[in-house]
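>
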Amino acid sequence: MIDLNPRKDFRVNSATVLGSTGSVGTQTLDVIREMGISVDMLTAGENTALLCEQIKEFSPKTVAVRSENAAKRLKNELDLMLGIAKPQIIYKKDEVYDAIEHTESDMIFHSVAGLAGLGHALAAARSGKRVGMANKEAIIAAGDVIFDSMKRHGGEMIPVDSEHSAIYRCMEGKDPSDVKRIILTASGGPFFGKTPAELENVTAKEALAHPTWKMGKKITVDSATLMNKGFEIIEAVRLFGKPEDKVDVMVHRQSIIHSMIEYNDNTFMAQMGRPDMRDCIRYAASAPHSANVNHDSLDLTEIFKLTFEKPDTAAFPLLDAAREAIRIGGTAPTALIAADEVAVDAFLGDRIGFNDIASVVFRTLERITVLSEINEESLNLADSEARRICREQISAFCK
């Protein structure tokens, strides 16, 4: 689990942002701009047009992209821009990880999505810096490995996921043994209240219409299936050291209470706020202190009611898939992530239906080989096997 006692003397003057062109990455740069933090390094995938604009504004010393072609394209685009300092451009994985590990930044913000961000997380753990972690997949797959490395190198982690940021703030400085259970809140997504039959023919456009949060396509679909909440159960187990049966989920449609804990004496503590990822990013940079902000605060008089309901696992069975994966242990959670990534991609590509996502994921989990030892090799094997099996299941659906 992570240390729940952030450094009281921590101050962030400079930062590295991993995944700067994604949804969380751009919101991270909003916070960096607001707080007057300088940027040493940016990493991105293939969106060189947006990365150029970020380079123009933040003047990083180093930028990393996913491929050699993207690096060449970025160089050509920067050559056309006058009056800006040209950063070092890297793309080879070893070079990128080495730059992360040896960054001079005070803090690393990790928002690379999916299992693709695992190597970045391991490098960040070796840096000895504070890491604001928005990548849940790396924690799910290899949390203990990351935390052990972070302790050896003198680093610390502050969760950025809204739910885990909330739990962190509730548990911060407290003895974890005083906490009876963790309660993760879920918005319920766009299909709350629908039956399995009603979900049979929903479209990708409908699944991407999240009622509360602005996120990338993959995580938005995961929120619609409640797979994202399942991942968050596993993430909470890793981060806070509680067993799976002590992590509950409640549907809270207003998205005002971001999560809560119940103490042993049956009292509760909840963290409330606007549904805005920037608040979580900002706290990761300022913890244990609260940063001053200029925007309006949450007006409690405008909230007429706060409601809580149990999730419908018949309509959204992937919550149970997550619990099963963490109970199995080993590389099963990694296989779950990989299968879900393939299934969601097939759904967005209109190759399978919404309910088929859960079906192919469960069929994949039934067929995987679970390895007990967690290291980069075993995780890569689990990832590739799950993807292969899941594609086979999707092909069977498409016949």
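Residues 9 to 407, numbered by the numbering used here, are exactly what the sequence shown covers, in order.
Where is the CB? At the ideal position from N, CA and C, for every residue including glycine.
Please read all numbers here as calculations on a predicted model, not as lab measurements.
Can you check which of these residues, LEU26, SER267 and GLY53, is closest to SER75 by C-alpha distance?
GLY53
> For SER157 and SER135, what's the separation of their Cα atoms in angstroms?
Rounded to whole angstroms, SER157 to SER135 spans 9 Å at the Cα level.
> Which whole runs of the alpha helix (DSSP H) in the region 145-211 are 4 residues long or more, in chain order?
170-179
> Rounded to a whole number of angstroms, what is the C-alpha to C-alpha distance between MET89 and ARG81?
13 Å
> Less than 8 Å between the CB atoms is what I'm expecting for ILE269 and LEU314, so what's the real figure, rounded?
That pair is no contact at about 17 Å.
> Entirely within the region 283-334 and at least 4 residues each: give me those alpha helix (DSSP H) ranges in chain order.
285-294
> Under 7 Å Cβ to Cβ from THR233, same chain only, skipping five residues before and after it: list those, please.
PHE324, LEU326, ILE365 and ALA366
> Report buried or exposed for ALA146, applying the criterion of at least 16 other Cβ atoms within 10 angstroms of its Cβ.
Within 10 angstroms of the beta-carbon of ALA146 lie 16 or more other beta-carbons, which makes it buried.
> Given a threshold of 16 other Cβ atoms within 10 Å of its Cβ, counted over all protein chains shown, does GLY162 qualify as buried or as exposed?
exposed
> Per DSSP, what are the beta-bridge partners of SER22 in this structure?
According to DSSP, which records beta bridges pairwise, SER22 is partnered with SER46.
> At which residues does the alpha helix (DSSP H) containing GLU240 begin and terminate?
235-248
> Helix, strand or coil: how does DSSP classify GLU393 here?
helix
> Please report the straight-line C-alpha distance between SER31 and PHE362, rounded to a whole angstrom.
23 Å
> Once the 5 residues before and after SER67 are set aside, which same chain residues still bring their CB inside 6 Å of it?
ALA93
> Please return the same chain residues whose Cβ sits closer than 7 Å to the Cβ of GLU252, not counting the five positions on each side in sequence.
Cβ neighbours of GLU252 beyond the five flanking positions: ILE241, VAL245, ARG331, ILE334 and ARG335.
> How about VAL378 and THR321: are their beta carbons less than 7 Å apart?
The answer is no: Cβ separation not under 7 Å.
> Less than 7 Å separating the beta-carbons of VAL39 and ILE397?
no
> Does the distance from the CB of ALA409 to the CB of VAL255 come in under 7 Å?
In the structure displayed, the chain extends from 9 to 407; residue 409 sits before or after that span and is not available.
> Sort ARG399, ALA217, ARG286 and LYS182 by Cα distance to PHE199 and report the nearest one.
Nearest option by C-alpha distance: ALA217.
> In terms of alpha-carbon separation, which member of SER305, GLU208, GLY27 and GLU65 lies closest to GLY140?
GLY27
> Can you tell me the Cα-Cα spacing of ASN388 and VAL301, whole angstroms?
42 Å
> Cα separation between THR380 and GLU349?
Going by the sequence as given, residue 380 is Ser instead of Thr. Taking the straight line from one Cα to the other gives about 22 Å.
> Taking Cβ positions, are PRO341 and ILE148 nearer each other than 7 Å?
yes
> Look at GLN279 and ALA404 and say whether their C-beta atoms are less than 7 Å apart.
Contact: no.
> Hey, out of GLY357, HIS266, ASP48 and ASP106, whose CA is closest to VAL71's CA?
Nearest option by C-alpha distance: ASP48.
> Under a three-way DSSP split, which group does ASP87 fall into?
helix
> So what's VAL350 in DSSP terms, helix, strand or just coil?
Residue state, collapsed to three classes: helix.
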